[in-house]
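Undergrad:
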Amino acid sequence: MHVFGLTGGIACGKTFVASILKEHGVHVIDTDTIAKACTDPGHPVLDRIRRTFGAKYISADGTLDRRELGGLIFDDETARGKLNSIIHPFVYKEVWRQLFQCYSGRQDFPTPIESDNPLHRPTRSPIVAIDIPLLYETGAEKSPLLREWPVVVVGAQRTQQISRLMARNNLTEAEAESRVSSQMDIEDKIAQADIVIDNSGTPAETCAQVLDLVRHFEASMYAARDDHREARRAMPLKERMMPRELLNDIGGRTMSGLCRLGYTRAKVLAACGAGCVLAVGAVLVGGKVKRRRR
Numbered sequence: 001m002h003v004f005g006l007t008g009g010i011a012c013g014k015t016f017v018a019s020i021l022k023e024h025g026v027h028v029i030d031t032d033t034i035a036k037a038c039t040d041p042g043h044p045v046l047d048r049i050r051r052t053f054g055a056k057y058i059s060a061d062g063t064l065d066r067r068e069l070g071g072l073i074f075d076d077e078t079a080r081g082k083l084n085s086i087i088h089p090f091v092y093k094e095v096w097r098q099l100f101q102c103y104s105g106r107q108d109f110p111t112p113i114e115s116d117n118p119l120h121r122p123t124r125s126p127i128v129a130i131d132i133p134l135l136y137e138t139g140a141e142k143s144p145l146l147r148e149w150p151v152v153v154v155g156a157q158r159t160q161q162i163s164r165l166m167a168r169n170n171l172t173e174a175e176a177e178s179r180v181s182s183q184m185d186i187e188d189k190i191a192q193a194d195i196v197i198d199n200s201g202t203p204a205e206t207c208a209q210v211l212d213l214v215r216h217f218e219a220s221m222y223a224a225r226d227d228h229r230e231a232r233r234a235m236p237l238k239e240r241m242m243p244r245e246l247l248n249d250i251g252g253r254t255m256s257g258l259c260r261l262g263y264t265r266a267k268v269l270a271a272c273g274a275g276c277v278l279a280v281g282a283v284l285v286g287g288k289v290k291r292r293r294r
């Protein structure tokens, strides 16, 4: 499985790129959707927001008044930090849960849809994109979640960002300029990116770049897997085995970490057992073990 972070500037076309990735069978974890779900009525996160900021930011029907709260945090950095400290831990936990489901085979990857686009190439790839709009602003690239994985930035020219915002949100030029300026400059994000998708051209040009990206990840993922298998097969059987102390340490860390995410010991052991069967079939025997769906 290959994981990468996906981000970009406001009105740069990140959502468009995410939709193309889904068309090609990539599983996209949308942190914006997760964050919105945790503010649904009755959710513990919404209750913490009420206690922190006051009941005036909760609508009569029990939902979060996003416009009212947005007006507060847009200009108040302290309030924005408080809100992030409430929402981000839940989002972080949910992303890890979905990643574990993908890794253990319990998450179905999207079936590629049919398309008349000549650039469209249907695949079904074990590739996961974590869509984080404010990835660099929140320091997510340094977290254990992404520090070992590449970050893809979707970019466009600043003038395009402003014109797209004006058309999409019916804003004046001054309002659009203010929103663009409220985020990290897109050039700064591009400078830190591992891979850049330039969305300043036509949709077809952007689609071609995304297709190249998927092919690149597939090629590197399967090449690394094959190299690892060949290296393992060349080793004596004793050297393939891990010391009992190391296995116990890894097992203990994995169990405690996943139990903190809400998984029961039985579910963790079942997933680890399935992974061991696949590893034995692929590495020691060299064959393929078909995963049984329940």
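Numbering (the UniProt record's numbering), first residue to last: 1 to 294.
Cβ atoms here follow ideal geometry from the backbone N, Cα and C, with glycine treated the same way.
#1: Helix, strand or coil: which one does DSSP assign to Val26?
#2: Under the three-state reduction of DSSP, which class applies to Gly139: helix, strand or coil?
#3: With H, G and I counted as helix, E and B as strand and the rest as coil, what does DSSP make of Thr31?
#4: Please work out which residues of its chain come closer than 7 Å, Cβ to Cβ, to Met1, disregarding the five sequence neighbours upstream and downstream, and give them in chain order.
#5: Just to confirm my understanding: we take Ser200, look at its own chain, exclude 5 residues before and 5 after, and list those with CB closer than 7 Å. What are they?
#6: Output needed for Leu83: all residues of its chain with C-beta closer than 6 Å, excluding positions within five of it in sequence on either side, in chain order.
#7: How many angstroms separate the CA atom of Arg265 from the CA atom of Ser59?
#8: With burial defined as no fewer than 16 other Cβ atoms inside 10 Å of the residue's Cβ, what is the status of Gly139: buried or exposed?
#9: If we ignore side chains and look at the alpha-carbon of each, how far apart do Asp131 and Phe16 end up?
#10: Where Ala176 and Ile162 are concerned, what is the direct C-alpha to C-alpha distance, given to the nearest angstrom?
#11: Name the two residues that bound the continuous beta strand (DSSP E) containing Ala129.
#12: Can you have a look at Lys14 and say buried or exposed, based on whether 16 or more other CB atoms are within 10 angstroms of its CB?
#13: Of all the options Ala35, Val214, Leu146, Met221, which has the alpha carbon lying nearest to the alpha carbon of Lys22?
#14: Nearest by alpha-carbon distance to residue 322: which of Ala37, Lys36, Leu165, Ala55 is it?
#15: Who does Gly262 pair with in a DSSP beta bridge?
TA: In brief:
#1: coil
#2: coil
#3: helix
#4: Excluding positions up to five away in sequence, the list reads Cys102, Tyr103, Pro126, Val128.
#5: Ala156, Gln157, Gln160
#6: Sequence-distant Cβ neighbours of Leu83 in its own chain, meaning closer than 6 Å and more than five residues away, are Ile73.
#7: 40 Å
#8: exposed
#9: 12 Å
#10: 5 Å
#11: Here the beta strand (DSSP E) through Ala129 covers 127–131.
#12: buried
#13: Val214
#14: Outside the displayed range of the chain (1 to 294) lies residue 322, so it cannot be described from this structure.
#15: Beta-bridge pairing links Gly262 to no other residue.
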